[in-house]
Amino acid sequence: MASTLHKYPGIDLPLRYLVQNEEGGAGIEFYRCGSFEAAAGSLSELIQVREVAMLLLMDRLTDKPNWHKKVFDEAIVAKWRHEALTQDETTMYEEIVAGKNIPMPQRTRIINEATFDYCIAELKCKAAYFEETGLVFTLNSSQGSAEYPCFNTAIKADSLVNNELQQGLKAAFEKLRAEQAAEPDWHPGSNDMVQDLVHPSMYPFVYGESRFIPEEAVRVVDAVERWSGKGETVQALLEGDEEEGELIDRDYWSKKYQWLPANLAFQDDGSVRFTSYVNNLHPQKHTETYRLLEKLIDTAIPTWEHVLSGKAITPSSNAPERLEQPPRVYEENEDDVWEKLDPVVIAEHEAEDGPIDYSERELPCDDDEWEDDEEMGLTAAEVKEQEIQRLKWKDIRDPTLMEPLEFEPHTYKVEQTLRERFKDTGLQVIVKMASIELTPENPDFPMGGWHIEGQMNEHIVATALYYLDSENVTPSELSFRMATSSQQDGLQSRVAQNMDTLYQRIYGTNLSWGPGSETVQTYGSVATPEGRLLAFPNVFQHRVSSFSLQDRTKPGHRRFVALWLVDPLRRVVSTANVPPQQFNWWAEAVFGNEAKTAGEMPPEVFQLLLEKGADKAVKPSEELLQSMRNRLPAEVMEMVRREAVPGGLMTAEQARQHRLALMEERSAFVRTSEKKAWKNRYSFCEH
Numbered sequence: 001m002a003s004t005l006h007k008y009p010g011i012d013l014p015l016r017y018l019v020q021n022e023e024g025g026a027g028i029e030f031y032r033c034g035s036f037e038a039a040a041g042s043l044s045e046l047i048q049v050r051e052v053a054m055l056l057l058m059d060r061l062t063d064k065p066n067w068h069k070k071v072f073d074e075a076i077v078a079k080w081r082h083e084a085l086t087q088d089e090t091t092m093y094e095e096i097v098a099g100k101n102i103p104m105p106q107r108t109r110i111i112n113e114a115t116f117d118y119c120i121a122e123l124k125c126k127a128a129y130f131e132e133t134g135l136v137f138t139l140n141s142s143q144g145s146a147e148y149p150c151f152n153t154a155i156k157a158d159s160l161v162n163n164e165l166q167q168g169l170k171a172a173f174e175k176l177r178a179e180q181a182a183e184p185d186w187h188p189g190s191n192d193m194v195q196d197l198v199h200p201s202m203y204p205f206v207y208g209e210s211r212f213i214p215e216e217a218v219r220v221v222d223a224v225e226r227w228s229g230k231g232e233t234v235q236a237l238l239e240g241d242e243e244e245g246e247l248i249d250r251d252y253w254s255k256k257y258q259w260l261p262a263n264l265a266f267q268d269d270g271s272v273r274f275t276s277y278v279n280n281l282h283p284q285k286h287t288e289t290y291r292l293l294e295k296l297i298d299t300a301i302p303t304w305e306h307v308l309s310g311k312a313i314t315p316s317s318n319a320p321e322r323l324e325q326p327p328r329v330y331e332e333n334e335d336d337v338w339e340k341l342d343p344v345v346i347a348e349h350e351a352e353d354g355p356i357d358y359s360e361r362e363l364p365c366d367d368d369e370w371e372d373d374e375e376m377g378l379t380a381a382e383v384k385e386q387e388i389q390r391l392k393w394k395d396i397r398d399p400t401l402m403e404p405l406e407f408e409p410h411t412y413k414v415e416q417t418l419r420e421r422f423k424d425t426g427l428q429v430i431v432k433m434a435s436i437e438l439t440p441e442n443p444d445f446p447m448g449g450w451h452i453e454g455q456m457n458e459h460i461v462a463t464a465l466y467y468l469d470s471e472n473v474t475p476s477e478l479s480f481r482m483a484t485s486s487q488q489d490g491l492q493s494r495v496a497q498n499m500d501t502l503y504q505r506i507y508g509t510n511l512s513w514g515p516g517s518e519t520v521q522t523y524g525s526v527a528t529p530e531g532r533l534l535a536f537p538n539v540f541q542h543r544v545s546s547f548s549l550q551d552r553t554k555p556g557h558r559r560f561v562a563l564w565l566v567d568p569l570r571r572v573v574s575t576a577n578v579p580p581q582q583f584n585w586w587a588e589a590v591f592g593n594e595a596k597t598a599g600e601m602p603p604e605v606f607q608l609l610l611e612k613g614a615d616k617a618v619k620p621s622e623e624l625l626q627s628m629r630n631r632l633p634a635e636v637m638e639m640v641r642r643e644a645v646p647g648g649l650m651t652a653e654q655a656r657q658h659r660l661a662l663m664e665e666r667s668a669f670v671r672t673s674e675k676k677a678w679k680n681r682y683s684f685c686e687h
């Protein structure tokens, strides 16, 4: 069934259509999406350990109250300097190398005077933009891939969502939780800790089952009464048989399911308004929540504008390189790029940890072949001892970390806002509202797994998370990383034969095939306190940290809203095309009034509603329930099933079954992505 206005992947275009992969696609505008090597623009270059440490330092400093003023106070900056230069760096280093088993520098500070000065200069630049916008750039790096030099960043904002909006959203959450009081919708596999209040995995678009309308006709107010059951089913438009050597694994798309975004239009004043219903949020019972979500999306749009970047729209001046590039190292200049040999350090090390085992490194001579070095005035024994000291030093020496370049002030302004760019077509946003509920019996929330949002079907390009409400729980954070290329051609060209050890220490990863050579780049973590709006591009893999009850004798919770922005350049099937599929919504709209529940409803229809679990919608008395149960012949009921209820509706139980199947698909997708990320390794060739 062809669409009349838009062309949708899976309907009018092949399901796995990506505009940036078209032949002759040079210069095609696109937003990045995905986290695997063949997804254009989704890879990061390797970032030096010292630069990641700088990202973490700046993130922590911008968490301090009034940081944007304090950064100009010399006395406060002096205190920050002392803390940064004296604190233990072990925890920070372990976060950066992420289990890659690369030795930490023992005497060289990762954050030194020069890097601290650079961070303060950059924060002063960021402070000016924060004063103007309330946005904080964090974990920002210009290290895109060589082919797609993109600007990678997260944006955090603690003051954009005002108190009125926050309190309104809290009330909306309480109303949604009250509706589920008798039967909380616990997310499968969450051990009854994550309550789904609005979740796109319930009542998703199902190819071959859901009804589809080519025109974007389904609106908000009349979505249920006018459109439920309308439209026709469609099968996914698939490509031919899978061909060997395809760049992107077809498993990154689902052939069965797609989350449904809601459409929003820009108004004359620049604000957004829903033009189609939010899936799983009743459009008439929750009109106030719709207005609140619109305001939240209005607030999130500037954060999305800064985290989005792609080939044709990449800002060119947002993040200059911070550090010098490592030199090309040969055997002749090797000693110049490592810590200078210090016999005192060797002696102290052996006194504390025992003799250094240098047996894996071969001495150049047998015992009887050593000769005096007359030029240096050394005996043969002294020459041998000097060589032994050199071999021992190789085991404990620190690398020479690269120093910062001179800071160059730069702008963070976007060239064109989303409102300007898409004023005629609007946006598509997927909404999730969830509450993590901890109890004394269930007090600990486990660490999440690494993932990006959605599958490729949803074309999600950016996330905005609003941390609405935290009560009696320990602090939590969100960690970020990106996939990298296994080739690293630019770096390989600078690594001379057998000289990769220095680079491994500088970049915090093994560059030879084996443990610790997985092709992922850590960016760091960001705290997620109540009131924070946090946005990031959907090329950042991320995971939530564990957290627990603070007072383990009392319950606690963390509540949040997730807003996922669909690629504004690529329209996908939305709630404007798919009428509400909730059977209960339809039953309540058609039959849910006191007169009909009192006995005016045809008995066969009433019995069908009971079968479908819609007794809450029609609110029958217990006496009426008992009188109607199983009263009609099977043949009559079968005819009613075919004729009385429109197609395209799901009972809650059917929706839960689809959710389980969808989740299993996506879990397999995440497992495959994770497996490939850790299977794909650097393997620098021998030159």
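Take the sequence shown: its position 7, counting from 1, is numbered 7 in UniProt numbering, and each next residue is one higher. Idealized CB from N, CA, C, for every residue including glycine.
- prompt: Does DSSP put LYS156 in a helix, a strand or coil?
  reply: strand
query: How many Å lie between GLU453 and VAL566 at the Cα?
result: 11 angstroms
- prompt: Using 8 angstroms as the threshold, is the stretch 441 to 453 in touch with the stretch 545 to 552, meaning 3 or more CB pairs across them?
  reply: yes
- request: Determine the burial state of ARG659: buried for a count of at least 16 other Cβ atoms within 10 Å of its Cβ, exposed for fewer.
  value: buried
message: So that I know if they touch, is there some Cβ in chain C lying closer than 8 angstroms to that of TRP586?
response: Note that chain C does not occur in the displayed structure, where there is just one protein chain.
message: Rounded to whole angstroms, what is the Cα-Cα separation between PRO443 and PRO184?
response: 18 angstroms
field: Three or more C-beta pairs below 8 angstroms linking the stretch 523 to 538 and the stretch 474 to 488
entry: yes
query: Can the beta-carbon of VAL194 be found closer than 8 angstroms to that of THR522?
result: no
- prompt: If you drop the 5 nearest sequence neighbours on each side, which residues of the same chain put their C-beta closer than 6 angstroms to that of ARG109?
  reply: none
- prompt: Among VAL429, SER228, THR509 and HIS410, which has the Cα closest to the Cα of ASN101?
  reply: THR509
- request: Put MET433 into one of helix, strand or coil per three-state DSSP.
  value: strand
message: With DSSP as the reference, identify every bridge partner of ILE460, one or two as the case may be.
response: VAL566
- prompt: Is it the case that the Cβ atoms of VAL206 and LYS256 are separated by a distance below 8 angstroms?
  reply: yes
field: Residue of ILE155, MET650 and TYR507 minimising C-alpha distance to GLU45
entry: TYR507
- prompt: What span of residues does the alpha helix (DSSP H) with VAL272 cover, start to end?
  reply: Note, VAL272: premise wrong, no alpha helix (DSSP H); beta strand (DSSP E) at 272 to 274.
task: From the DSSP output, in three-state form, read off SER667 for me.
output: helix
query: DSSP on ASN538, reduced to helix/strand/coil?
result: coil
query: Could you give the residue range of the alpha helix (DSSP H) that holds ALA589?
result: 583 to 591
- prompt: Using 8 angstroms as the threshold, is the stretch 155 to 172 in touch with the stretch 418 to 429, meaning 3 or more CB pairs across them?
  reply: no
query: Taking buried to mean at least 16 other C-beta atoms within 10 Å of its own C-beta, is ARG328 buried or exposed?
result: exposed
- prompt: Which whole-angstrom value describes the C-beta separation of PHE669 and TYR252, a residue pair presumed to lie in contact below a C-beta threshold of 8 angstroms?
  reply: 7 angstroms
- request: Please state if the CB of LEU563 and the CB of LEU281 are separated by a distance shorter than 8 angstroms.
  value: no
query: Residue range of the beta strand (DSSP E) that ASP398 falls in?
result: Here ASP398 belongs to no beta strand (DSSP E), and DSSP marks it neither H nor E.
query: Taking the alpha carbon of GLN180 as the point to measure from, which residue in VAL572, GLN504, SER435 and GLN654 has its own alpha carbon closest?
result: SER435
query: So what's ARG328 in DSSP terms, helix, strand or just coil?
result: coil
query: From this set, PHE151, LEU123, LEU13 and THR417, which residue's C-alpha is nearest ARG60's C-alpha?
result: LEU123
- prompt: Under the DSSP definition of a beta bridge, which residues are partnered with ARG481?
  reply: THR522 and GLN541
- prompt: Could you check where the alpha helix (DSSP H) with ALA121 kicks off and where it finishes?
  reply: 113 to 133
message: How far does the beta strand (DSSP E) with PHE173 in it extend, from its first residue to its last?
response: Note, PHE173: premise wrong, no beta strand (DSSP E); alpha helix (DSSP H) at 163 to 179.
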